[in-house]
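Here the sequence shown is numbered in numbering that gives the first Met the number 0, starting from 0 and rising by one per residue. Idealized CB from N, CA, C, for every residue including glycine. What follows is a short report on a single structure.
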Amino acid sequence: MRERAAARILVAEDNDTLRRVIVQALRETWGSVEEVASGERAIARLSDSGEDAYDVVVTDLRLPGADGLAVLRAAHARDPRTSVLVMTAYGTIDSAVEAMRTGAFDFVQKPFDLEQLELRVGRAVDQRQLLDEVEVLRAERAGRRAAGAIVGRSAALRDAIDLARRVAPTRSTVLITGETGTGKELIAGLIHDASARARGPLVKVNCAALPETLLESELFGHERGSFTGADRLRKGRFEEASGGTLFLDEIGDLSPPIQAKLLRVLQDQEFHRLGGTRVLRTDARIVTATNGDLEAQVRAGAFREDLYFRLNVIRLHLPALREREDDVVDLAHHFLGALCEALERPIRGFTEAALTRLRSHPWPGNVRELHNTIERAVLTCEASRIGPADLSFARASGASLESAWRPALPPPGWTLRDVERALVIEALQRAGYVQKEACKLLGVSRRKLNYMIQRMGITHDSWRRNRSPGRGGDPPLRTP
Ligand SMILES: Nc1ncnc2c1ncn2[C@@H]1O[C@H](COP(=O)(O)OP(=O)(O)OP(=O)(O)O)[C@@H](O)[C@H]1O
Ligand SMILES: [Mg+2]
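If you want it as C-alpha cells, here you go:
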C-alpha cells in the first residue's frame with residue numbers, strides 16, 4: 000500500500016459486485032470512500048456534501064436515474080476542483096471522449112484490473128491536492144503583493160498586518176478600528192486579497208453615505224415596485240458580494256432597523272430584498288470598519304450589543320500615526336517617490352529639519368493627511384530637498400479636518416444662528432478682536448466676517464479706538 004494523504008472519494012456504480020470490489024480496494028489506500036448505486040443518489044450526495052466537497056468522484060457512465068455525465072456536471076457545480084474519473088463500457092470510446100470534453104479528469108474502460116483503476120485514482124487525488132496548493136500559493140502571493148503596498152515598519156502596524164494575514168483565509172467577521180486615515184480600508188483590501196475569495200468580488204459600502212431607506216435597498220436590494228421610483232428589480236450588495244467579501248465602512252452609523260437586518264444576515268446568512276418575501280442567502284464574508292467608539296455606542300444604547308458581538312469576532316486595531324514615528328518617515332519617503340514620479344518633479348528627499356517637523360506633527364488626519372501634506376510640498380518645493388517651510392499642515396483634507404474637530408450639538412433651544420454667533424464671538428476673542436486673524440480661524444473671507452458682525456450686532460472697544468468711522472472696508476461700528 001502506498002502512503003497517501005487522506006482524500007474523500009465517492010464511487011457511483013450500479014453493479015453491486017463491482018462496486019464493492021472497487022470500494023474495498025480504494026479504502027485500503029484512501030480511507031474515506033463512500034458509495035452509491037445510482038446517478039440520482041450520486042447527485043444528491045454531491046449536492047449535500049457539506050463544507051468539504053469530494054476530492055475525487057469515480058462514476059460509471061451508464062447509471063440508472065441520471066448518467067455519469069450528469070454526475071460529472073453535478074460534481075463540478077459543487078466544486079470545479081473535484082477530479083472526476085469516468086468508467087466506460089468496452090467499445091464505447093465515443094462516450095469516453097464526450098466525458099473528457101465535459102471535463103472528466105480521466106477515464107478507464109471496462110473491464111479493467113484494479114491496479115489500473117488505483118493508479119488513475121491516485122493521479123486524480125494528486126491533481127486535486129495540487130489545485131489546493133496552487134490556491135494557497137496564489138493567495139499568499141496576492142497577500143504579499145497587497146502587503147507590499149502597506150508601508151511602515153512599526154511593530155504595531157506589522158502586528159495588525161500579521162493578524163490580517165492569519166485571519167484572511169477564514170470566514171470570520173473582522174472589525175477594523177482606528178482613527179480616520181489610518182488605513183482601515185487598505186487593510187480590508189489585504190484581508191480580501193490574501194483569502195481564497197480573492198477571485199471573488201470585494202464590495203464596499205459606506206454606511207454613513209446614504210440615508211436609511213436608500214442604504215437598506217443598497218445592501219439588501221429591492222423588488223420591482225417595492226417603493227415609488229423602484230421601477231426595476233435591484234440586487235443588493237449582499238448578493239453581489241456572494242463568493243467574495245463585503246466591506247461595510249462606518250458601521251457605527253447604521254440605524255436600528257438596519258442593525259436588526261444585518262444581525263439576521265450574520266446569524267442565518269439569510270435576508271430578503273425590500274418588498275420581497277423570498278428568502279435569499281449569501282455567503283459573503285463580512286469585514287467592517289469604524290473610526291468611532293463602538294463600545295461606547297453599545298453602552299449608550301445606540302448600537303445593538305448582539306450585533307456588536309457578531310461583528311467583533313476578530314478585532315484589528317490600526318494605531319494612530321502619531322504613535323508610529325518610524326512609519327511617518329517611511330511613509331513620507333514612499334509618498335515622495337510616488338508623487339515625484341506622478342507629478343514629474345525632481346525632488347531628492349527631505350532636509351533633516353523637515354523630517355523632525357514631520358515626526359513631531361500630531362497628524363490628526365493620519366496617513367491621509369501625511370499624503371496630502373507631501374503632495375502640497377512636492378508641488379511648492381523649489382529646492383532639491385523638501386524643507387520645513389514647504390510643509391504646511393493647516394488644511395489636510397476635508398475628512399481629516401472633520402475628524403480633528405468633532406463638533407458638539409448645542410443645548411436645547413439653541414438655533415443654528417445662535418451657534419454661528421457663539422462661534423464668531425469665540426473666534427474674535429481668541430484673535431484678540433483682530434478681525435484678520437478671526438477670519439483665518441473661521442475660514443471665512445474678510446467681507447463675510449464683516450457682514451456677520453454687522454448682522455449679529457457685535458462690537459468691541461478696540462475697533463472704536465483704533466479706527467476712524469466710515470473708512471472703507473473697515474469694521475462696522477455699532478454703539479450698543
Ligand atoms: N501603511 C500605509 N501604507 C501606504 N499607504 C497607506 C497606509 N495607510 C494608509 N495609507 C493610505 O492612506 C489613505 C487613507 O487610508 P484609508 O482610506 O485606508 O484610511 P481609513 O482608515 O479607511 O480612513 P477613514 O476612516 O477616513 O475612512 C489611503 O490613500 C491609503 O492608501
Ligand atoms: Mg475608510
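{"Check": "Distance cut-off 7 Å: glutamate 368 Cβ against heavy atoms of ligand 2", "Outcome": "no"}
{"Check": "Leucine 9 in three-state terms, based on DSSP", "Outcome": "strand"}
{"Check": "Residue nearest to valine 443 in terms of C-alpha spacing, selected from Gly431, Ser225, Glu419", "Outcome": "Glu419"}
{"Check": "Buried versus exposed, by CB contacts within 10 Å (16 or more), serine 171", "Outcome": "exposed"}
{"Check": "heavy atom of ligand 1 below 7 Å from aspartate 248 C-beta", "Outcome": "yes"}
{"Check": "Beta bridge counterpart(s) of arginine 233 as assigned by DSSP", "Outcome": "His221"}
{"Check": "Residues near leucine 214 in its chain [Cβ-Cβ closer than 7 Å; skip 5 each side]", "Outcome": "Cys206, Ile257"}
{"Check": "Validate contact between the segment 373-381 and the segment 329-343 using beta carbons, cut 8 Å, 3 pairs", "Outcome": "yes"}
{"Check": "Closer than 7 Å: lysine 109 CB and nearest ligand 1 heavy atom", "Outcome": "no"}
{"Check": "Leucine 247 in three-state terms, based on DSSP", "Outcome": "strand"}
{"Check": "Separation of alanine 283 from threonine 169, as counted between CA atoms", "Outcome": "12 Å"}
{"Check": "Length of the line joining the Cα atoms of alanine 229 and histidine 221", "Outcome": "7 Å"}
{"Check": "Proximal residues to serine 82 (C-beta, below 6 Å), its chain only, five neighbours per side dropped", "Outcome": "Val55, Phe104, Ala123, Gln126, Arg127"}
{"Check": "Classification of alanine 395 by the beta-carbon crowding that lies within 10 angstroms, buried from 16 upward", "Outcome": "In this prediction, alanine 395 scores a pLDDT of 42, lower than 50, which makes its location untrustworthy; the coordinate-derived value is nonetheless stated afterwards. Looking at its Cβ environment, which holds 16 or more other Cβ atoms inside 10 Å, alanine 395 is buried."}
{"Check": "Those residues which DSSP pairs with leucine 201 across a bridge", "Outcome": "Thr244"}
{"Check": "Assigned secondary structure, serine 94 (DSSP; H/G/I helix, E/B strand, else coil)", "Outcome": "helix"}
{"Check": "Glutamate 401 classed as buried or exposed, judged by whether at least 16 other C-beta atoms fall within 10 angstroms", "Outcome": "Low confidence applies here, because glutamate 401 scores a pLDDT of 46, under 50, leaving its location unreliable and the question unanswered by this model."}
{"Check": "Bounding residues of the alpha helix (DSSP H) (the contiguous stretch that carries glutamate 374)", "Outcome": "365-379"}
{"Check": "Proximity test, lysine 203 beta-carbon vs ligand 1 heavy atom, cut-off 7 Å", "Outcome": "no"}
{"Check": "Bridge partner(s) assigned by DSSP for leucine 84", "Outcome": "Val57, Asp105"}
{"Check": "Valine 70 and threonine 87 closer than 8 Å at C-beta", "Outcome": "no"}
{"Check": "Coarse secondary structure for histidine 271, derived from DSSP in three states", "Outcome": "coil"}
{"Check": "Nearest-angstrom Cα separation, counted from leucine 357 out to cysteine 339", "Outcome": "18 Å"}
{"Check": "Proximity to alanine 288 [Cα-Cα], best of Arg272, Leu317, Leu265", "Outcome": "Leu317"}
{"Check": "For glutamate 52, the nearest candidate out of Arg61, Lys109, Ala41, Leu60 (CA to CA)", "Outcome": "Note on residue identity: the sequence assigns alanine, not glutamate, to residue 52. Closest by alpha carbon: Ala41."}
{"Check": "Local conformation of valine 35 per DSSP, three classes", "Outcome": "strand"}
{"Check": "Euclidean distance between Cα positions of alanine 98 and glycine 38", "Outcome": "15 Å"}
{"Check": "Own chain residues within Cβ distance below 8 Å of tryptophan 413, not counting five before or after", "Outcome": "none"}
{"Check": "Valine 204 to valine 20 span [Cα, whole Å]", "Outcome": "55 Å"}
{"Check": "First and last residue of the uninterrupted beta strand (DSSP E) at alanine 288", "Outcome": "284-289"}
{"Check": "For alanine 301 and arginine 454, the rounded distance between their alpha carbons", "Outcome": "39 Å"}
{"Check": "C-alpha gap between leucine 130 and alanine 208, whole angstroms", "Outcome": "41 Å"}
{"Check": "8 Å Cβ shell around glutamate 184 - same chain, five flanking residues per side excluded", "Outcome": "Lys203, Phe246, Asp248, Ala288"}
{"Check": "Collapsed DSSP secondary structure at histidine 75 in the structure displayed", "Outcome": "helix"}
{"Check": "Assigned secondary structure, valine 173 (DSSP; H/G/I helix, E/B strand, else coil)", "Outcome": "strand"}
{"Check": "Assumed close pair leucine 310, leucine 174 - CB separation to whole angstroms, cut-off 8 Å", "Outcome": "5 Å"}
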